[in-house]
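The sequence shown lines up with residues 25 to 187 when you count with our numbering.
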Amino acid sequence: MKKCFKKGKLFEEQLGKIKSHKAVLHLKSYAKPQVVAAGRVPFALKKSVEVYFKRLEAPGVIEKLNPATTAIKWAAQTVNHPMPTFEELKAKIARGREFMVIDLKDAYLQMEVMEQCRRYLIIATPVGYFRFVRLPFGVSASPSFSNDAWMSSCKGLTALIHS
């Protein structure tokens, strides 16, 4: 456990980045491109919406686009990642003495998407068009990519429980 605490960047507030994995989206055969217009934002909230997208753009989660292209977030094929049962989890921690919880807030946003797949992750917003550089929430394959990356990153740790 001491090894984790020596890595100062692990516990910083800013968004991290998984360097060992990149998400590759494989589309279902019937996927068809479609563009959905951005929803209207009340004038009083427009500044807040702009600030929100700038907050995502600053660490490289999204990047602004000039041309309007298409997005197919729902059509990504999922890869099943096996999740342990409650009994398996109980057996793993039965003799444990030290426990640690890692908050994986924005975990998907820590994984970069391969360049050739980013064209599928374009969103229309009241501020303009953006494409995701990192894996967004709402993509059907995001949980599988995230679980696979975190499990392989934690190989070798004893009594690891990932949920």
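The beta carbon of each residue, even a glycine, is placed where N, CA and C say it ideally should be.
It should be emphasised that the depicted structure is a prediction, and the values quoted were computed from it without experimental measurement.
Distance CB(residue i)-CB(residue j) smaller than 8 angstroms
i, j, result
"K88", "G162", "no"
"A47", "M138", "yes"
"F77", "F154", "yes"
"S44", "S164", "no"
Endpoints, beta strand (DSSP E) assigned at residue i
i, result
"F156", "152-156"
"A148", "146-149"
"H45", "42-47"
"K88", "86-89"
"M135", "135-137"
Close Cβ partners of residue i (< 8 angstroms) along its chain, the five nearest in sequence each way excluded
i, result
"L39", "P83, V85, D130, L133, Q134"
"R64", "P150"
"E111", "none"
"V157", "G84, V85, I86, E87, E136, V137, R142"
Other residues of its chain near residue i: CB distance less than 6 angstroms, five sequence neighbours each side excluded
i, result
"F123", "none"
"K26", "Here K26 scores only 45 on pLDDT, less than 50, and its place in the model should not be relied on; the value that follows carries that caveat. There are no such residues."
"I42", "Q134, M135, A173"
7 angstroms CB neighbourhood of residue i in its chain, flanking five on each side removed
i, result
"A62", "A148, T149, P150"
Limits of the alpha helix (DSSP H) - the one that residue i falls within
i, result
"A173", "166-177"
"E81", "70-81"
"A115", "110-117"
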